[in-house]
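Just so you know, the protein sequences line up as chains B and L, in that order. Numbering-wise, the first sequence is residues 0 to 196 according to numbering that gives the first Met the number 0. Numbering-wise, the second sequence is residues 0 to 196 according to numbering that gives the first Met the number 0. All C-beta atoms in this analysis are idealised placements derived from N, C-alpha and C, irrespective of residue type, glycine included. Here the structure is a predicted model, which is why all the values come from computation and not from measurement.
There are 2 protein chains.
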Amino acid sequence: MNTGTLLSNISKHINLTLKEEELLLSKVRLRKFLKGQYILQGGDICKYINFVISGSLKSFYRDIEGHEHILAFAIEDWWIGDLGSFTTQKPADYTVQCIENCELAQLSYEDLQFLYKEIPKMERFFRILTQKAYVYFQRRIIDNLSLTAKEKYLNFVKQYPQFEQRVPQYMMASYLGFTPEFLSKIRKEISFKHLKS
Amino acid sequence: MNTGTLLSNISKHINLTLKEEELLLSKVRLRKFLKGQYILQGGDICKYINFVISGSLKSFYRDIEGHEHILAFAIEDWWIGDLGSFTTQKPADYTVQCIENCELAQLSYEDLQFLYKEIPKMERFFRILTQKAYVYFQRRIIDNLSLTAKEKYLNFVKQYPQFEQRVPQYMMASYLGFTPEFLSKIRKEISFKHLKS
DNA sequence: CGTCTATTTGAATGTACTCAAAAGCGGTGG
DNA sequence: CCACCGCTTTTGAGTACATTCAAATAGACG
Chain B
0 MNTGTLLSNI SKHINLTLKE EELLLSKVRL RKFLKGQYIL QGGDICKYIN FVISGSLKSF
60 YRDIEGHEHI LAFAIEDWWI GDLGSFTTQK PADYTVQCIE NCELAQLSYE DLQFLYKEIP
120 KMERFFRILT QKAYVYFQRR IIDNLSLTAK EKYLNFVKQY PQFEQRVPQY MMASYLGFTP
180 EFLSKIRKEI SFKHLKS
Chain L
0 MNTGTLLSNI SKHINLTLKE EELLLSKVRL RKFLKGQYIL QGGDICKYIN FVISGSLKSF
60 YRDIEGHEHI LAFAIEDWWI GDLGSFTTQK PADYTVQCIE NCELAQLSYE DLQFLYKEIP
120 KMERFFRILT QKAYVYFQRR IIDNLSLTAK EKYLNFVKQY PQFEQRVPQY MMASYLGFTP
180 EFLSKIRKEI SFKHLKS
């Protein structure tokens, strides 16, 4: 498995020396998972923060009736996990599951605390990473509040064209907050408009 | 104005020496704002991150039709601003406005960069702060996706009873993503149920 | 080719919105 | 102290949007 993408992801925001990179990699756990496999189950403690080397995943909340509500997708060069559970080491609200076969680079909570001490810059890296995720979720809330259903769909496809190919439509519906049937109807309506224009 | 709440807010997550506290306070700008006053206008660059000493504020997105969509409220002991604009120093997506008269402790972008260098622990503090905000927004997305309108309202009141008294109902409606009329109807329905039980 | 799962379609229903009007409430001035 | 004004909340009727449920169709995989 290629850890190069991990290092270049980190180097987007901080510069590590060769020694620091080695130290980091010595703590990284590389693992493969199969499509459908769970990386984290809601209720368990999130022991690892995961960097995606290849494949795709989803994190979701399972409500009282057992319905999944997708919080986020992740593909190559993204991080995924339940950050709330990870940082507090309390039971997770969310479940993380592979959509495709995946290769992940995992950092355990203990190892990350160790790295924060040895390489304080890592603190900066995860601050920036969290800030970006925070801004993304803010945007998502606003999109939910201010866009029409059709706009939400078009916005998603425009922002994440990579996902449209790799994520089944019913998952996209869950992410956007509609039923699969309704998303199907939206898509139909949009394709009619394209034919006319 | 009392900066004690600022220091005790920070000391929840990191320990500062007296010297560090002094250095921090020397960079803090204390300011008063009146009800209705804007702290940040969408499109401007967010120059300050704000800690609320007293009063209440809202941050919101104004859509193309001019409608406000409230992203967050803030009261005493909370932080508010447009973190995306602040960290990138690019134009803000959101507007921040006082709901009541406010006393704020402001930290400028430049001063915060300086503090990160002089007191690296501050980096840790803002990482933790951002993580908590991130977890909060995640929860909000899931609540939006998984709860009924009535549940969303009850959930809000339960989680933030402080706000129910201080925030007009039409702002709460905006935050929850309903029209004011609809929120009024939900409240009526709930109060009927209480009478019966 | 057959099976399983995902997507599409349609009818009926329910949820939330729009618009318009009335009622409530706080502040100000006569 | 009351009357009036402006703003918020309530109420109701009609409408639009999104869901549910059931069934048909399409795709993927062995």
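7 Å CB neighbourhood of residue i in its chain, flanking five on each side removed
i: I9 (chain L); result: L15, F124
i: S53 (chain B); result: E75, C101, E102
i: Q161 (chain B); result: I74
i: L6 (chain L); result: E20
i: R30 (chain L); result: L103, Q105
i: M0 (chain B); result: L29, I52, E102
Backbone CA spacing between residue i and residue j [nearest angstrom]
i: G80 (chain B); j: K34 (chain L); result: 40 Å
i: G83 (chain B); j: Q96 (chain B); result: 17 Å
i: K184 (chain L); j: Q168 (chain L); result: 12 Å
i: G152 (chain L); j: L182 (chain L); result: Correcting the residue type first, residue 152 (chain L) is Tyr in the shown sequence and not Gly. Whole-angstrom Cα-Cα distance: 8 Å.
i: I189 (chain B); j: K157 (chain B); result: 14 Å
i: G42 (chain B); j: R28 (chain L); result: 43 Å
i: L114 (chain B); j: Y37 (chain B); result: 26 Å
i: R186 (chain L); j: F136 (chain B); result: 28 Å
i: V166 (chain L); j: H68 (chain L); result: 14 Å
i: T2 (chain B); j: H12 (chain B); result: 17 Å
i: W78 (chain B); j: F191 (chain L); result: 47 Å
i: I98 (chain L); j: S173 (chain L); result: 14 Å
i: Q88 (chain L); j: E180 (chain B); result: 42 Å
i: E122 (chain B); j: K120 (chain L); result: 9 Å
i: A132 (chain L); j: Y133 (chain B); result: 7 Å
i: T4 (chain B); j: L70 (chain L); result: 34 Å
i: S55 (chain L); j: Q112 (chain B); result: 36 Å
i: Q164 (chain L); j: R139 (chain B); result: 28 Å
i: M170 (chain B); j: H66 (chain B); result: 12 Å
i: L144 (chain L); j: K116 (chain B); result: 39 Å
i: D110 (chain L); j: F32 (chain B); result: 45 Å
i: T94 (chain L); j: L22 (chain B); result: 43 Å
i: F72 (chain B); j: Y159 (chain B); result: 10 Å
i: D62 (chain B); j: E150 (chain L); result: 13 Å
i: L128 (chain L); j: L128 (chain B); result: 13 Å
i: K26 (chain B); j: Y108 (chain B); result: 11 Å
i: E64 (chain L); j: G176 (chain B); result: 23 Å
Buried versus exposed, by CB contacts within 10 Å (16 or more), residue i
i: S196 (chain B); result: Annotation note: pLDDT 47 at S196 (chain B) (below 50); position unreliable, no value reported.
i: T178 (chain B); result: exposed
i: Y60 (chain B); result: buried
i: R126 (chain L); result: buried
i: T147 (chain B); result: exposed
i: L17 (chain B); result: exposed
i: I118 (chain B); result: buried
i: L24 (chain B); result: exposed
i: Q130 (chain B); result: buried
i: K57 (chain B); result: buried
DSSP-derived helix/strand/coil call for residue i
i: E188 (chain B); result: helix
i: E163 (chain B); result: helix
i: S196 (chain B); result: Only weak support is given to the placement of S196 (chain B): the predicted model assigns it a pLDDT of 47, under 50, and the question is left unresolved by the model.
i: V27 (chain B); result: coil
i: I44 (chain B); result: strand
i: K149 (chain L); result: helix
i: Y60 (chain L); result: strand
i: L39 (chain L); result: strand
i: L182 (chain L); result: helix
i: L15 (chain L); result: coil
i: I118 (chain L); result: coil
i: F177 (chain B); result: coil
i: N1 (chain L); result: coil
i: L70 (chain B); result: strand
i: L197 (chain B); result: Outside the shown range of chain B (0 to 196) lies residue 197 (chain B), about which nothing can therefore be said.
i: S10 (chain L); result: coil
Same chain, Cβ closer than 6 Å to residue i, five either side skipped, listed in chain order
i: I48 (chain B); result: G80, F85, L106
i: C45 (chain B); result: L39, G80, D81, S84, F85, A91
i: F50 (chain B); result: L5, W78, A104
Contacting residues, own chain, Cβ-Cβ under 8 Å from residue i (five flanking each side not counted)
i: N154 (chain B); result: D142, L146
Problem - Inside the region 72-104 of chain B only - beta strand (DSSP E) runs reaching at least 3 residues - result: For the region 72-104 of chain B, whole beta strand (DSSP E) runs of length 3 or above, ordered along the chain, are 94-97.
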